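With the first letter of the sequence shown counted as 1, position 190 gets the number 205 in this note's numbering; the numbers rise by one all the way through.
Below: the structure, in C-alpha cells.
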Amino acid sequence: MSAPEIDQLDDGPLGRLALSRSAIDRATQRRGDVVWLAEAWADPRTKVLVVRDGQALVATRDGQLELVFVSPADALEGTRFLLGLDAEGIAYFGVSGAVEGEPGGRSESPDAKPMALRQAGALLSDRDAGLFTHAVALAYWHDTHTHCPRCGTATVPAPAGHLTVCPKDGTEHFPRLDPAVIMLVIDPEDRLMLARNALWPQGRMSVVAGFVEPGESAEHAVVREVYEETSIVVGHVRYLGSQPWPMPRSLMLGYEARAASGQQIAVDEEEIGEARWFSRAELRAAIEAGDLGLAPTSSIARRLIEYWYGEELPDGPAGWLTRSR
Numbered sequence: 016m017s018a019p020e021i022d023q024l025d026d027g028p029l030g031r032l033a034l035s036r037s038a039i040d041r042a043t044q045r046r047g048d049v050v051w052l053a054e055a056w057a058d059p060r061t062k063v064l065v066v067r068d069g070q071a072l073v074a075t076r077d078g079q080l081e082l083v084f085v086s087p088a089d090a091l092e093g094t095r096f097l098l099g100l101d102a103e104g105i106a107y108f109g110v111s112g113a114v115e116g117e118p119g120g121r122s123e124s125p126d127a128k129p130m131a132l133r134q135a136g137a138l139l140s141d142r143d144a145g146l147f148t149h150a151v152a153l154a155y156w157h158d159t160h161t162h163c164p165r166c167g168t169a170t171v172p173a174p175a176g177h178l179t180v181c182p183k184d185g186t187e188h189f190p191r192l193d194p195a196v197i198m199l200v201i202d203p204e205d206r207l208m209l210a211r212n213a214l215w216p217q218g219r220m221s222v223v224a225g226f227v228e229p230g231e232s233a234e235h236a237v238v239r240e241v242y243e244e245t246s247i248v249v250g251h252v253r254y255l256g257s258q259p260w261p262m263p264r265s266l267m268l269g270y271e272a273r274a275a276s277g278q279q280i281a282v283d284e285e286e287i288g289e290a291r292w293f294s295r296a297e298l299r300a301a302i303e304a305g306d307l308g309l310a311p312t313s314s315i316a317r318r319l320i321e322y323w324y325g326e327e328l329p330d331g332p333a334g335w336l337t338r339s340r
C-alpha cells in the first residue's frame, strides 16, 4: 500500500499553511529496518540536511529558495534521523550538527547561507518546507533530551532517530510535542483583537495564544487563555486549521472565537502589555503608518489574521523574525 498523499487532505478554511506542506513519504515502516537504514545511508543518492540551532543551509536557484543537502559521506558528525523517501526512492536524512557553510565547514554552493525555519519556511517548495520542519523538530529534541527521565542515564538514539532508548532500564522515549491554541477573537462588530506580549517592543502585536493544559480540551484552552490574558469571555469556538511550529516543539491549533458584547479588555501588564480591537480599516492604517507589524508569512498567526481580513496584508515594521508564533 502506498503512502497517503498530503495533496488529498482537506486544507480547511485557512488553506495550506506554510509549515504544513510536504512532498515526502515519511517511510515509517522503514524506521525499524536496520539493514535498510544502513543501505540507505551508504547510497550515494541519499541526501542529508544538516541542522543546527534551528538553521539549515539554503541557496537561491532560478529564483527559488532551496535547501542545500550534502551526501552521507560529506555529512558532519551528529545525531542522525530518517526524514523519508521521495517518489524516486531517494532517501532523506537529517543530522543535528554544524551547518555546512559556517566557518570551517564545506559547501559546494558559494551563495549558500544558514537560515532559520521561520525565515525560510514560506519561501521553500513543499518538499523542502516539509523536510526542514521535520528536521528542526527532531534536531531540537535530540539536542535537549539526552538522558533518561527515569534514571538519568544517557540515552541512545534508535537507528532511524525517532526514539531513544535507555541502556540501563530499557525504556523508550519519543519526541515531545506541546499542543498550543492560537485564536482569532472577534467581537459583535466584527473587529479583531490583537495583543502585545509584555516582552515585545511597541508595534509588535498578534492574536492571542497559549498552551493546552493537562486535562483540558483544546476548545476549553481557547476560552481559558482568552479570559486569562484579556478578561474577555468568548464562545462559539470553531476550529480552523493546524501547523507544526518546532521552535521549539509546538503544534499550533488555530481557532476562531466570538466575544459577547459589552465587555472591556483588561490585561495584567506582566504577561500581556496591551490588547485592543481593530476594524479592518484600522488594522490596515496602522500597518501602513508603520505603527504595527505582523507575524511572518510562515506563521499560522499571519494566516489567521489575513483569513479574518479577507486578503493578504503587508508586513509592516520588521523585527518579527526573532520570535513569532
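Glycine included, each C-beta is placed from N, C-alpha and C at the ideal position.
From a predicted model like this one, the values you see are computed outputs, not experimental measurements.
Option nearest residue i by Cα separation, candidates the options
i    : options                   : result
V237 : M262, N212, A274 and P263 : A274
L64  : R191, L32, R142 and S35   : R142
V83  : S140, A154, P28 and R46   : S140
M130 : E81, P164, P172 and G104  : E81
W51  : P174, V241, T94 and F293  : P174
Q79  : S111, F147, L178 and L138 : L138
R253 : P263, E243, E271 and T245 : E271
L266 : G112, L91, H149 and D283  : H149
A33  : A316, P203, Y324 and E326 : A316
G112 : R211, Q70 and G136        : Q70
G109 : I201, W56 and R76         : W56
L72  : A127, L100, I197 and G230 : A127
E321 : A102, M198 and G230       : M198
R31  : P332, Y324 and T312       : T312
A296 : I287, P190, G288 and G325 : G325
R67  : A102, A154 and R299       : A154
H188 : W292, V171 and E204       : V171
E11  : I287, Q217 and L268       : Coverage of the chain is limited to positions 16 through 340, which leaves residue 11 absent and any answer about it impossible.
G308 : S314, P332 and A290       : P332
I39  : L29, E103, A53 and R60    : E103
F147 : L298, T43 and R133        : R133
L98  : G27, H177 and H160        : H177
P203 : C163, R299, G277 and R219 : G277
K62  : S314, V85 and R76         : V85
T159 : D205, T94 and A213        : T94
Which residues DSSP lists as bridging residue i, in chain order
i    : result
G99  : Y107
I315 : Paired residue(s): none; I315 is not in a bridge.
Y270 : M198 and Y254
W260 : S265
Q70  : R67 and A131
D40  : L100
E187 : V180
G225 : V196
S171 : For the record, residue 171 in the displayed sequence is Val; it is not Ser. Paired residue(s): V180.
V83  : In DSSP, V83 forms no bridge with anything.
Reduced DSSP category for residue i - H, G, I as helix; E, B as strand; rest coil
i    : result
V237 : helix
D3   : This structure cannot settle anything about residue 3, because the visible part of the chain is limited to 16 through 340.
A150 : helix
D283 : coil
T179 : strand
A304 : coil
R219 : strand
S289 : A small fix is needed here, since residue 289 is Glu in this sequence, not Ser. It is a strand residue.
D193 : strand
L91  : coil
H160 : coil
V248 : coil
L214 : coil
L209 : strand
L34  : helix
V50  : helix
G325 : coil
Integer-rounded CB distance, given that residue j should sit under 8 Å from residue i
i    : j    : result
L207 : S221 : Their Cβ separation, rounded to whole angstroms, is 11 Å, which puts L207 and S221 out of contact at 8 Å.
V227 : P194 : 4 Å
P263 : I302 : At roughly 29 Å, the Cβ-Cβ gap does not stay under 8 Å, so P263 and I302 are not in contact.
P182 : T168 : 6 Å
S246 : I201 : That pair is no contact at about 16 Å.
L268 : V196 : 5 Å
E289 : R211 : 5 Å
Burial state of residue i (16 or more Cβ within 10 Å)
i    : result
P261 : buried
D184 : exposed
Q258 : buried
Y242 : exposed
T179 : buried
G256 : buried
A135 : buried
V49  : exposed
D89  : exposed
H157 : buried
D283 : exposed
R165 : exposed
A365 : The chain is shown from 16 up to 340; residue 365 falls before or after that span and cannot be answered.
S37  : buried
L192 : exposed
Residue i Cβ short of 8 Å to the ligand GTP heavy atom set
i   : result
R31 : This structure lacks the ligand GTP, and indeed carries no ligand of any kind.
Cutoff 9 Å: residue i Cβ touching any chain D Cβ
i    : result
V151 : Among the chains of the structure shown, chain D does not appear; only one protein chain is present.
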